[in-house]
Each structure stands twice: as structure tokens, then as C-alpha cells.
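First comes the structure, then the notes that go with it.
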Amino acid sequence: MNKNIRVLIDGIIFNNPVLIQVVGMCATLATSVSVINGVGMGLSTTAVLVCANIVVSMLRKFIPDTVRIPCFIVVIASFTTIVQLLLQAYLPAINDALGIFIPLIVVNCILLARAEGFASKNGVVASFFDGLGNGLGFTALLAVMGAIREFLGSGTVLGMAIMPEAFPETLLMVMAPGAFFTLGILMAIFKHLIAGKGQSEEE
Amino acid sequence: MHLILLLLAGVFVNNYIFSQFLGICPFLGVSKKVETAAGMGVAVIFVIVLACAATYFVYNLILVPLGLEYLYTIAFILVIAALVQFVEMFIKKSSPSLYQALGVYLPLITTNCAVLGCAVTNMQSGYNFIESIVNGIGGAGGFTFAIVLFAGIRERIEFNDIPKAFEGFPLALIGAGLMSVSFLGFSGLIKL
Numbered sequence: 025m026n027k028n029i030r031v032l033i034d035g036i037i038f039n040n041p042v043l044i045q046v047v048g049m050c051a052t053l054a055t056s057v058s059v060i061n062g063v064g065m066g067l068s069t070t071a072v073l074v075c076a077n078i079v080v081s082m083l084r085k086f087i088p089d090t091v092r093i094p095c096f097i098v099v100i101a102s103f104t105t106i107v108q109l110l111l112q113a114y115l116p117a118i119n120d121a122l123g124i125f126i127p128l129i130v131v132n133c134i135l136l137a138r139a140e141g142f143a144s145k146n147g148v149v150a151s152f153f154d155g156l157g158n159g160l161g162f163t164a165l166l167a168v169m170g171a172i173r174e175f176l177g178s179g180t181v182l183g184m185a186i187m188p189e190a191f192p193e194t195l196l197m198v199m200a201p202g203a204f205f206t207l208g209i210l211m212a213i214f215k216h217l218i219a220g221k222g223q224s225e226e227e
Numbered sequence: 131m132h133l134i135l136l137l138l139a140g141v142f143v144n145n146y147i148f149s150q151f152l153g154i155c156p157f158l159g160v161s162k163k164v165e166t167a168a169g170m171g172v173a174v175i176f177v178i179v180l181a182c183a184a185t186y187f188v189y190n191l192i193l194v195p196l197g198l199e200y201l202y203t204i205a206f207i208l209v210i211a212a213l214v215q216f217v218e219m220f221i222k223k224s225s226p227s228l229y230q231a232l233g234v235y236l237p238l239i240t241t242n243c244a245v246l247g248c249a250v251t252n253m254q255s256g257y258n259f260i261e262s263i264v265n266g267i268g269g270a271g272g273f274t275f276a277i278v279l280f281a282g283i284r285e286r287i288e289f290n291d292i293p294k295a296f297e298g299f300p301l302a303l304i305g306a307g308l309m310s311v312s313f314l315g316f317s318g319l320i321k322l
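Going down the list, the protein sequences come from chains V and S. Using this note's numbering, the first residue of the first sequence is number 25, and each one after it goes up by one. Using this note's numbering, the first residue of the second sequence is number 131, and each one after it goes up by one.
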């Protein structure tokens with residue numbers, strides 16, 4: 025159990041899919057316009073990731089090595105379609121806001137990276153925790169980025185006005201460049217903190 | 131005229147990298163040298179145009195008659211994966227020198243979201259065959275344009291003294307952000 029918790033925490037912080045592994049950038053940059061969008065995207069990806077990791081892990085002894093990538097992609101694409109249909113049925117607003125990036129979960133590198141790098145080598149329970157950890161790490165980052173961009177861009181968080189009317193809205197933050205700047209600066213801060221921690225452990 | 135506008139809109143206004151966030155992974159991953167970036171760009175143009183044509187036929191001749199439109203994600207990604215494999219084998223046989231140049235990048239294109247994104251956009255906007263192809267050329271051309279320009283900038287960044295925390299991806303992202311600001315200047319230029 026202890027090992028599984030370790031895997032979970034690794035996924036969320038020390039091996040964060042976006043900040044450390046640098047995968048899944050397209051979805052991160054595109055859907056972090058607001059907290060709601062970011063969390064919606066993060067949780068959809070988490071659902072696909074957990075299910076795909078479990079199935080890949082269960083099938084890992086039956087999938088021939090040479091055709092493993094197409095097999096992983098079919099598993100991921102199936103779960104993506106399921107999540108897409110569920111969102112269309114129950115959360116149409118989120119589905120419209122995320123638009124093309126829901127079908128594009130298939131080509132989110134996080135999924136293939138975890139299937140290839142973890143689920144195809146480890147047991148079902150560990151793969152479940154790995155999927156959950158990476159998914160939550162991704163969701164947390166999207167939520168933080170969404171909060172920063174929403175706050176600076178329109179003075180709201182979760183749609184609630186926090187700043188007075190006179191707050192100078194930085195429109196740039198909710199447009200494309202804001203996404204690049206926010207992620208670049210967050211990544212530098214994270215790198216600095218993690219690197220600083222690594223050094224103090226060595227000393 | 132309509133097609134020319136569609137092409138220009140793809141390259142400048144709706145640039146895949148700077149306004150739609152498609153294909154960011156290869157954009158950051160293979161933009162360290164101008165030559166490799168150009169190689170990647172050519173491979174992407176090639177695959178996107180073929181993928182636009184193939185997914186158009188798969189959607190309109192197979193999925194729509196059978197009433198299976200909701201399976202488009204699975205169908206498209208399989209078509210693209212098969213196509214990339216096929217293109218790889220074909221180039222290997224027909225032109226070993228081109229294969230040498232593109233070699234490493236071809237398999238990576240399967241998971242380039244620009245390819246699937248382009249196919250899905252064509253399908254959702256209801257483009258006809260010619261429009262799909264032109265949209266593919268525009269989008270892929272914009273991708274190549276962006277990645278080559280960006281590689282040029284990164285080659286220069288290499289020689290500068292930058293704070294340790296910003297080395298690598300963080301500074302690349304901020305550079306991409308600045309380029310994205312300049313591409314904002316094109317927005318509203320073409321209304322489709």
C-alpha cells in the first residue's frame with residue numbers, strides 16, 4: 025500500500041506530467057483559460073487515463089510487443105469516445121467550452137507515455153494509482169493555471185468577481201500568449217523549488 | 131479566392147501553434163536546430179495533407195453511410211497511425227535519402243495533435259474535399275513556418291547567459307509567448 029501512495033504522490037508532484045515530464049502541453053495551454061475549463065479538462069483526462077492504465081495493465085501479457093502502440097491507442101481512443109459521449113449527454117456546457125480538445129485527449133502524450141512507460145510494466149493496482157496520480161497532477165496544474173489566467177485576465181475566479189470593477193483587465197492573459205507566459209513562469213518556479221530541494225538533500 | 135483566404139488564414143490568422151495550440155509537443159521538442167525543424171515541418175505537411183484526404187473519405191464513405199459518426203475519434207486515429215506507417219515504408223523504399231532526413235520524426239507524427247486536430251476540424255466545419263486539403267496545407271504550412279522561425283530564435287538563445295531556473299523549456303515557452311503576441315497582429319485580418 026505504501027508503495028502505491030508513493031506512486032500517487034510521484035505522479036502529482038515529483039513526476040508531474042506537465043512540469044517535469046513535459047507532456048500534454050497542447051491541452052494544458054489551450055484549456056487553462058478559466059478554472060472551470062481547466063478542471064473539466066483535467067478530470068476528463070484523469071478518467072481516460074485511469075481506465076486506459078487499468079486495461080493496458082490487464083492486457084500487458086497478451087499484447088504482442090511489436091503492435092503494442094496501436095493496441096494502446098485503440099484502448100485510449102475507446103475510453104476517450106466514452107468520456108466524450110458522457111460529457112455531451114450530461115455536461116454540454118463543458119463539452120462546448122473544451123471543443124476539439126476532448127477528441128484530442130487521444131493524442132495527449134500523457135496517456136501514451138503512462139501506458140508505455142508504466143502500465144505495460146506494472147500490475148493493475150499500481151497502474152491505477154499511477155493513472156490517478158498523473159491525472160490529478162495534471163488537473164491541479166490546470167486549475168492553478170486557470171486561476172492565474174482567469175484572475176489576471178478578467179478579475180474573477182470560478183466566475184465570481186473578486187476585484188472591483190475598476191480592475192485593469194489584462195486581456196492578453198486569456199488569449200494565446202498568456203498561456204505560454206503563465207506556463208513558462210510556473211515551470212521556472214517549480215524547477216527552482218525542486219532543484220533547491222535536491223541540493224539541500226545532497227548537502 | 132475563398133480557397134486562398136482559407137490557406138492564408140491557416141498560415142497566419144489561425145496558426146496551429148500560436149492561436150490554436152495544436153502540435154506543441156513537437157514544436158518544443160524538435161525546435162533546437164533549424165534543419166531538423168525544417169525536416170519535421172516537411173514531414174508534417176506531407177502527413178497532414180494525406181491524412182486530410184484519407185479521413186475525408188473514411189468519414190463520408192464509411193462512417194456516415196453506416197451511421198457510425200460517433201466513432202470518428204477511433205477511426206481517425208487508426209487511419210492516421212496506419213497512414214504514418216505506410217508513408218514510412220513507402221519513403222524507405224522509394225527515397226532512402228529523404229527517409230534518412232525524416233527518419234526519426236515520421237513515427238512521432240502519429241501523436242502530433244495537429245494531424246488529428248486538422249482532421250476533426252475539417253469534419254466539424256463540414257468542409258468539402260478541396261477545402262479540407264487546402265485547410266490541411268494552410269495549417270501544416272503555418273506549423274512549419276512557426277517551428278522554423280522558432281528554431282532560429284532558439285539557436286540564438288543557446289549562446290546567452292540566462293538564469294538557471296529558466297534554462298530549457300521555461301524560456302522556450304516565454305519565447306513562444308512573445309512570438310504568439312506578434313502573431314496576434316494577424317488576428318481579424320481575414321474573416322471567413
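Yeah, the Cβ is synthetic: ideal placement off N, Cα and C, and Gly gets one too.
Around the beta-carbon of V/K145, fewer than 16 other beta-carbon atoms lie within 10 Å, marking it exposed.
By the C-beta criterion, the stretch 270-279 of chain S is judged not to be in contact with the stretch 190-207 of chain S, since fewer than 3 inter-stretch pairs fall below 8 Å. For V/R84, there is no enclosing alpha helix (DSSP H), as DSSP marks it with neither H nor E. Counting C-beta pairs with one atom in each stretch, the stretch 274-281 of chain S and the stretch 154-161 of chain S have three or more that are closer than 8 Å, which means they touch. Under the 10 Å beta carbon count, S/N290 is surrounded by fewer than 16 other beta carbons and is classified as exposed.
Contact between S/L136 and S/N265 holds, with the beta-carbon distance rounding to 6 Å and staying under 8 Å. Residues of the stretch 104-127 of chain V whose Cβ lies closer than 8 Å to any Cβ of chain S, in chain order: T104, T105, Q108, L109, I124, P127. Taking 8 Å as the upper bound on Cβ-Cβ separation, chain S lies near no residue of the stretch 140-170 of chain V. With distances taken between CA atoms, V/G170 lies nearest to V/S56 out of V/L110, V/N77, V/L176, V/S56.
In the assembly as shown, V/N26 is an exposed residue. Its beta-carbon has fewer than 16 other beta-carbons within 10 Å. Sequence-distant Cβ neighbours of V/L136 in its own chain, meaning closer than 8 Å and more than five residues away, are I93, F96, I97, I100.
Closest option to V/C75, judged by alpha-carbon separation, among V/I218, V/V149, V/H216: V/V149.
Annotated three-state conformation of V/M211 is helix, per DSSP. Note: V/T180 is bridge-paired with V/A185 in the DSSP secondary-structure output.
Of all C-beta pairs linking the stretch 114-129 of chain V to the stretch 243-254 of chain S, three or more are shorter than 8 Å, placing the two stretches in contact. Shown here, V/I106 sits in a helix according to DSSP, grouped into three states. For S/V179, the secondary structure class from DSSP, reduced to helix, strand or coil, is helix. The straight-line gap separating the alpha-carbon atoms of V/P192 and V/T180 is approximately 12 Å. At least 8 Å separates the beta-carbon of S/V250 from that of S/A181.
For V/F205, the nearest CB of chain S lies under 8 Å from its own CB, placing it at the interface with that chain. The beta carbon of V/F214 lies closer than 6 Å to those of L43 in the same chain, with the five residues before and after it left out. Under a criterion of Cβ atoms nearer than 7 Å, the residues of chain S adjacent to V/A101 are, in order, T203, I204, I207.
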